[in-house]
């Protein structure tokens, strides 16, 4: 499952970079729509796996909202959002990549407190400092996208809080082990 998630993240990041290299609105929108199409395949698949296979229900609202945002982006006419689509995708899926990369490091027992803290900082900065202000500018004209993002942002910050707690717990555990 982790390989599928990482593959989707990498594909999305590559699509985002493709969109960032484009000059015309039509070409940028092509990459935006390509990312939407991949989202229409990935998010229902991952939702099914989370629900049926892993019995983890916490990601399902996030996936449903992501599908709605992808749908809105597919038919987007707002020039500002079309232009910002690639950076939003890069940050959105880039942060998902960071989380999946973290899981990979945990599974291979290679995650250190420094790496974990760095990943958390990057995750928080991209979600709070890049994505949120970019979408804030369109909140009046694209209410559904803005409100959907706010729900994802709340979930992201709850996850960040839990992530911080796990870093502190791991740090304190290592500190005790080093004193002995």
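Residue numbers (my numbering): 7 to 186.
Ideal placement from N, C-alpha and C gives every residue a C-beta, glycine not left out.
Spatial neighbours of residue i within its chain, please: CB distance less than 6 Å, with the 5 preceding and 5 following residues excluded, ordered by chain position.
{"i": "residue 126", "result": "169"}
{"i": "residue 12", "result": "106"}
Which residues in the same chain as residue i place their Cβ atom closer than 8 Å to its Cβ, once the five residues preceding and following it in sequence are excluded?
{"i": "residue 88", "result": "31, 34, 35, 38 and 82"}
Comparing C-alpha positions only, which one of the options sits nearest to residue i?
{"i": "residue 98", "options": "185, 135 and 80", "result": "135"}
{"i": "residue 151", "options": "80, 115 and 24", "result": "80"}
{"i": "residue 96", "options": "23, 64 and 11", "result": "23"}
{"i": "residue 64", "options": "178, 111, 157 and 176", "result": "157"}
{"i": "residue 75", "options": "104, 103, 130 and 44", "result": "44"}
{"i": "residue 15", "options": "52, 175 and 103", "result": "103"}
{"i": "residue 245", "options": "29, 177, 130 and 61", "result": "Nothing about residue 245 can be reported from this structure: the residues present for the chain run from 7 to 186 only."}
Taking the C-alpha atoms as reference points, what is the distance between residue i and residue j?
{"i": "residue 140", "j": "residue 184", "result": "44 Å"}
{"i": "residue 148", "j": "residue 107", "result": "32 Å"}
{"i": "residue 146", "j": "residue 84", "result": "12 Å"}
{"i": "residue 138", "j": "residue 59", "result": "32 Å"}
{"i": "residue 54", "j": "residue 25", "result": "29 Å"}
{"i": "residue 120", "j": "residue 48", "result": "31 Å"}
{"i": "residue 111", "j": "residue 118", "result": "9 Å"}
Contact check, residue i vs residue j under 8 Å by CB: the rounded distance?
{"i": "residue 123", "j": "residue 173", "result": "6 Å"}
{"i": "residue 66", "j": "residue 77", "result": "Their Cβ separation, rounded to whole angstroms, is 17 Å, which puts residue 66 and residue 77 out of contact at 8 Å."}
{"i": "residue 72", "j": "residue 41", "result": "Incorrect: roughly 11 Å between the Cβ atoms, too far for contact."}
Please classify residue i: does DSSP put it in a helix, a strand, or coil?
{"i": "residue 84", "result": "coil"}
{"i": "residue 150", "result": "helix"}
{"i": "residue 113", "result": "helix"}
{"i": "residue 63", "result": "coil"}
{"i": "residue 143", "result": "coil"}
{"i": "residue 132", "result": "helix"}
{"i": "residue 7", "result": "coil"}
{"i": "residue 185", "result": "helix"}
{"i": "residue 138", "result": "helix"}
Near residue i, which residues of its chain fall below 7 Å by C-beta distance, leaving aside the five closest residues on each side in sequence?
{"i": "residue 132", "result": "97, 100 and 101"}
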